[in-house]
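In the working numbering, the protein residues as written are 206 to 405.
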């Protein structure tokens, strides 16, 4: 992918909303949260799950730009136009992804792609979660790393194919039975750690 417009999500959005795609001045931004976690002050009362409070003004402005738009002026063409915007995607490091999305990225079920279909395990001493050699299943079928028996798990050839990513409807089906966001921020929804890792 050389440019964001080469991505399937970009093309699909242009197909779904052709009126927005025709206007070159409409903005389709991405939201990058790299380094975002360092601005959250670490202390016992700091609850990372409540990061939504900091994002509310941004969400309100994005909703306004999506539903109402904003009147702008283009000096180059000497014309006024209505600009709409749509947030296409976010880019996060894994800890920040956990804060923003509400999916806990720690522990054995921490991978937001594998979820319960993971081979992560706890180390024998220390009980830390380990994802050693879980990544090879995502490689193409004939990739040489899949047959590498020395660099990864000794004498192991990776034949497992990673399950496809869940669709939006499948995710909605999974979260439909989870209790709604809890009022007390220290409490976790029912089934946390056994069925899911949603914190809110």
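Each residue gets a CB set at the ideal place from its N, CA and C atoms; glycine is no exception. A quick note: this is a predicted structure, and the numbers were derived from the prediction, not measured.
Exercise for the section: Work out the CA separation of residue 232 and residue 275 for me, nearest whole Å. Expected result: 11 Å
Exercise for the section: Report yes if the C-beta distance between residue 218 and residue 291 is below 8 Å; otherwise report no. Expected result: yes
Exercise for the section: Indicate the three-state DSSP secondary structure (helix, strand or coil) for residue 314 in the structure shown. Expected result: coil
Problem - Under 8 Å between C-beta atoms of residue 318 and residue 327 - result: no
Exercise for the section: Could you check if residue 297 is buried or exposed, using at least 16 other CB atoms within 10 Å of its CB as the buried criterion? Expected result: buried
Practice task
Whole angstroms is fine: what's the gap from residue 403's alpha carbon to residue 234's?
Solution key: 26 Å
Problem - Element boundaries [alpha helix (DSSP H), containing residue 374] - result: 373–380
Handout entry: Local conformation of residue 290 per DSSP, three classes
Key = strand
Handout entry: residue 396, enclosing beta strand (DSSP E) - first and last residue
Key = Segment: none, residue 396 is in no beta strand (DSSP E) and carries neither H nor E.
Problem - Buried or exposed by the 16-neighbour rule on C-beta atoms within 10 Å, applied to residue 305 - result: buried
Exercise for the section: Just tell me which of 281, 226, 377 and 357 has its CA closest to the CA of residue 338. Expected result: 357
Exercise for the section: Determine the DSSP secondary structure at residue 324, reduced to helix, strand or coil. Expected result: coil
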